[in-house]
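Reading the sequence shown from the start, the letters are residues -22 to -1, 1 to 304 in mature numbering (1 follows the signal peptide of the UniProt record, and there is no 0). Glycine included, C-beta positions come from ideal geometry on N, C-alpha and C. Everything on this sheet refers to the single structure shown next.
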Amino acid sequence: MEPKNLIIALFLLSLFFGSLSATPTRKIKARNPCKRFVFYFHDIIYNGKNSNNATSAMVGAPAGANTTIMAGQNHFGDLIVFDDPITLDNNLHSTPVGRAQGFYVYDKKDIFTAWMGFSFVFNSTQHKGSINFAGADPLMNKTRDISVVGGTGDFFMARGIATLMTDAFEGEVYFRLRVDIKLASQQEMGTTKLISVLLLFLLISSLNATPAGKRNRAKRQCKRLGHLLGPIYKTILAGQNHFGDLVVFDNPITLDSNLHSTPIGRAQGIYYAYEAKQTYSALLGFSFVFNSTKHKGSINFSEADPTLNKTKYISVIGGTGDFFMA
């Protein structure tokens, strides 16, 4: 480092620590969510006879099943689309404050579990806009966490987590979920803290300054995890590059390329509509659900997947547990 830069760095460093010492010492409180809401949504499944009252319907099922009778094996492969009322209490007949709109797909053979993608769409005097959710829902757990991945209107750019609890279940006719939404807050900084951060940024910039002509190093991700997964096909897919096919999967995740290695979790979700007729391409929505000594929680993904490309990028849209707000 040049002597001039060293002097500037030392000066900024002294200002930084001086500003920190000038700030009164206060006990740091645990951060609470900026906003918290509790809603109930009510799902009435279409059974072929209740079209007037039904708020959800099966639109996809494994071969041999129909769209009114659930498939065996814990409904594995059944896809449900819903438009359910949202209420402030657990009374189905209370005035709705919005609609829960989206889908869930049963994605595991040996136990009831689903992958969900949906929105709470509000249109009341109190709330306008929407909150978007995505993630795995292990239905047999008393409480489950699902990621808040975005929002509009009053909930613009919302991020956080929602805790689901089955509040009522009446077989394959009706269920009610209690949804406890906790939206993350952005920590406010006072003028002194802001100045301190800016000074620290300038300090780091001066320390990391490189002479002209030198190549900058590529930035590294904060966390990098490598896992392998692969589906096992049991039927013949459609023609036209599988255009329109919907595939539900519950795949083992391993740390190496060996199918028989010990799984550290499951990849659960869908890839669907191989959405281009001219080439292999799919839209993915899925979660890595971990249950190992090293990792607990889930990571949620969603993106178009141009299958024929050697490498593809897919967005991480949220997480729970060890990967909260991923």
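Proximity of residue i and residue j at Cβ, strictly below 8 Å
i    : j    : result
F54  : Y84  : yes
D123 : T144 : no
S276 : G113 : yes
F266 : G243 : yes
Rounded C-alpha distance that separates residue i from residue j
i    : j    : result
D62  : A136 : 21 Å
T232 : V294 : 19 Å
T285 : Y258 : 6 Å
D283 : L262 : 7 Å
N287 : P40  : 29 Å
A92  : T103 : 33 Å
L66  : M118 : 24 Å
G138 : I292 : 20 Å
D223 : G38  : 10 Å
Y152 : D21  : 6 Å
A260 : T289 : 14 Å
Environment of residue i [buried if 16+ CB atoms lie within 10 Å]
i           : result
Q246        : buried
residue 310 : Examination of residue 310 is not possible in this model, given that the chain is present from -22 through 304 alone.
K27         : exposed
R154        : buried
G149        : exposed
F19         : buried
Reduced DSSP secondary structure (H/G/I, E/B, other) of residue i
i    : result
N28  : coil
N229 : strand
H71  : coil
N287 : coil
H20  : strand
N119 : coil
Contacts around residue i, its chain only, beta-carbon distance under 6 Å, and the 5 residues preceding and following it disregarded
i    : result
V16  : D158
Y24  : A32, A35
H105 : D132
G299 : K274, G275
Proximal residues to residue i (C-beta, below 8 Å), its chain only, five neighbours per side dropped
i   : result
G80 : V59, F60, M94, G95, F96, S97, F111
Spatial neighbours of residue i in its chain, beta-carbon cut-off 7 Å, leaving aside the 5 residues before and after
i    : result
G297 : S125, G275, S276, I277, N278, M303, A304
F100 : V75, G76, K106, G107, S108
Residue-chain proximity (residue i, chain B), Cβ-Cβ < 8 Å
i    : result
K106 : Absent here is chain B; the protein component of the structure consists of one chain.
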